[in-house]
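Under UniProt numbering, read the sequence shown as residues 1 to 399, first letter to last.
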Amino acid sequence: MKPKKIVLAYSGGLDTSVMIQWLKEQYNAEIIAFAADLGQGEDLEPLRQKAIATGASKIYIEDLKEEFVQEYIFPALKADAVYEKKYLLATALSRPLIAKKLVEIANLESADAVAHGCTGKGNDQVRFEVGISTLAPELQILAPARGWEFKSREEEMEYAQKHNIPVSVKKGSLYSIDKNLWGISVECGVIENPAIEPPDDSYQIVSHINNTPDIPEYVEIEFEAGVPVAMNSERMNPVELIMKLNTLGGRHGVGRVDMVENRVIGIKSREVYEAPAAHILHEAHWALQALILDRECSHFKETVALKYAELIYYGLWFTPLKNAFDAFVNTTQSFVTGTVKLKLYKGSVNIAGRMSPFSMYSHKLATYDAEDAFDHTAAEGFVKIWGLPYRQGNGGRVF
Ligand code: ARG
1 MKPKKIVLAY SGGLDTSVMI QWLKEQYNAE IIAFAADLGQ GEDLEPLRQK AIATGASKIY
61 IEDLKEEFVQ EYIFPALKAD AVYEKKYLLA TALSRPLIAK KLVEIANLES ADAVAHGCTG
121 KGNDQVRFEV GISTLAPELQ ILAPARGWEF KSREEEMEYA QKHNIPVSVK KGSLYSIDKN
181 LWGISVECGV IENPAIEPPD DSYQIVSHIN NTPDIPEYVE IEFEAGVPVA MNSERMNPVE
241 LIMKLNTLGG RHGVGRVDMV ENRVIGIKSR EVYEAPAAHI LHEAHWALQA LILDRECSHF
301 KETVALKYAE LIYYGLWFTP LKNAFDAFVN TTQSFVTGTV KLKLYKGSVN IAGRMSPFSM
361 YSHKLATYDA EDAFDHTAAE GFVKIWGLPY RQGNGGRVF
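What follows is the structure, given as structure tokens:
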């Protein structure tokens with residue numbers, strides 16, 4: 001059935017601007033645009049006029065920063081979710097939230113379809129569509145960029161011109177960049193060659209090491225139940241805390257990642273990420289947690305972290321597994337309260353101290369000094385029994 005009313009995830013860029021007109025032509029439908037403020041640091045107000053001038057009947061602009069932090073970023077931080085050892089998942093985490101809002105607006109507007117601007121090669125189409133179809137199986141999902149006639153940006157520009165669509169494209173803009181509070185993803189252009197170093201103009205918010213201060217800087221982060229609540233003894237709203245850490249870390253060259261990753265659809269792609277705040281907070285969280293969790297809980301949590309990162313990356317946010325993992329993770333986080341001091345210098349983050357009222361660290365057990373309270377003689381029996389299985393009937397086996 002041809003949709004009559006479509007809600008489009010709209011950024012104001014070339015693709016989604018052209019898409020408004022294209023969808024109208026294709027389906028003779030009413031188009032409602034939706035733009036989200038996820039802390040990308042852009043004023044979205046101009047989009048109001050632009051979307052209407054482009055042919056939308058209405059636009060929703062929503063500030064989702066707080067919800068993004070509380071409901072998406074913090075669960076991932078508490079879980080220590082990192083994809084393929086390096087990617088802190090900024091783009092991936094934003095997708096289920098956008099999917100949820102698209103569904104909400106579609107319901108509010110009694111729309112029969114939603115649309116997005118993703119191509120057929122990326123992860124984001126998977127994340128949007130799995131999220132949308134889980135939350136609203138009856139809603140039609142349109143992905144024009146997977147099948148429309150335009151073969152290049154030039155062809156889209158031509159179409160825009162023909163239809164008087166206002167577009168502001170920086171000529172020769174080389175990279176495809178996705179930006180939010182938790183980090184920046186840079187793809188395309190020369191970066192597509194994994195054999196070469198990312199050029200200087202690929203740097204967005206992180207300073208090149210050559211330009212970072214020659215003096216290290218300390219920062220103290222206070223956590224409560226696994227999430228940051230204060231920076232340098234000043235309590236602040238988490239959105240503000242993340243923004244401040246992005247500036248601070250960026251200045252010291254912290255949080256840049258260059259990797260080749262495995263996409264959901266099977267392609268390997270070369271990505272450059274910048275996520276100073278995310279990097280600092282992950283390091284701090286890990287250091288604090290190490291003081292508090294018992295060994296078995298901690299080791300099992302590493303397995304969960306790996307699977308949690310996969311489910312974020314794979315677009316499986318609204319799933320029973322995610323809820324079950326959250327139950328486990330939240331149980332482990334109730335005592336992850338305390339302060340971590342970090343030293344930022346020339347791209348590195350080093351832990352300079354950690355303290356917690358719930359620390360399980362026992363100095364009198366750990367020390368090699370005179371205060372040592374550990375019963376060394378008890379170790380003999382322990383070791384004997386620990387190794388017992390391997391002393392039985394080794395017969396023909398050779399070691
Ligand atoms: N590869 C990353 C991911 O799948 C980043 C995608 C970023 N998208 C972009 N248009 N630059 O999460």
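Backbone N, C-alpha and C fix where the C-beta goes; we use that ideal spot for every residue, glycine too.
Extent of the continuous alpha helix (DSSP H) run through D37: From DSSP, D37 is part of no alpha helix (DSSP H) but of the beta strand (DSSP E) over 30 to 37.
Complete beta strand (DSSP E) runs within the segment 347 to 376 (minimum length 3 residues, chain order)
348 to 355
Using beta-carbon positions only, say whether S207 and G253 come within less than 8 Å of one another.
yes
- Query: V336 and I351 look like a contact to me (Cβ under 8 Å); what is the Cβ gap, rounded to whole Å?
  - Reply: That belief does not hold up - the Cβ atoms of V336 and I351 are roughly 15 Å apart, past 8 Å.
Start-to-end residues for the alpha helix (DSSP H) that takes in F325: 320 to 333
Query raised in the report: Just to confirm, does S185 get its C-beta within under 7 Å of one of the non-hydrogen atoms of the ligand ARG?
Result: yes
Check your understanding: Can you check whether the CB of L248 is closer than 8 Å to the CB of K65?
Key -> no
Q. From G12, L316, Y345, E30, pick the residue whose C-alpha is nearest to that of A113; which is it?
A. E30
Next on the checklist: Between the alpha carbons of Y87 and N262, how many angstroms are there, rounded?
Outcome noted: 11 Å
Which value, in whole angstroms, describes the spacing of the CA atoms of G122 and K101?
-> 21 Å
* Return yes when at least one heavy atom of the ligand ARG lies under 7 Å from the C-beta of S11, else no. => no
If you reduce the DSSP assignment to three classes, tell me which class Y308 lands in. helix
Measuring CB atoms only, is the segment 1 to 11 touching the segment 28 to 45, in the sense that at least three cross pairs come out at less than 8 Å?
yes
- prompt: Cβ of I177 within 7 Å of any heavy atom in the ligand ARG?
  reply: yes
To which residues of the same chain is V304 closer than 7 Å at the C-beta, ignoring the five residues directly before and after it?
-> A79, F325, F328, V329
Please report the distance separating the alpha-carbon of A160 from that of R295.
59 Å
| task | Can you tell me which of the three DSSP states Q140 falls into? | result | strand
Is any heavy atom in the ligand FAD found nearer than 7 Å to the beta carbon of N262? Of the ligands one can find in the structure shown, namely the ligand ARG, none is the ligand FAD.
Can you give me the Cβ contacts of R146 inside the same chain, cut-off strictly under 8 Å, excluding the 5 residues immediately before and after it? C118, T119, G120, Q125
Use the C-beta contact count for A106: other C-beta atoms within 10 angstroms, 16 or more gives buried, fewer gives exposed.
buried
Q. With 16 other CB atoms within 10 Å as the buried threshold, where does V227 fall?
A. buried
Any idea if L388 is buried or exposed, counting beta-carbon neighbours within 10 angstroms, 16 or more meaning buried?
exposed
Self-check item: Identified DSSP bridge partners for F223
Solution: P228, G338
* For the ligand ARG, is there a heavy atom less than 7 Å away from the beta-carbon of A92? -> yes
Got a sec, what are the start and stop residues for the alpha helix (DSSP H) M259 sits in? Taken as a continuous stretch (DSSP letters only), M259 belongs to no alpha helix (DSSP H), being part of the beta strand (DSSP E) at 256 to 262.
Chain-order list of residues whose beta-carbon lies under 6 Å from that of A35 (same chain, five-residue window excluded):
Y10, L44, L47, I61
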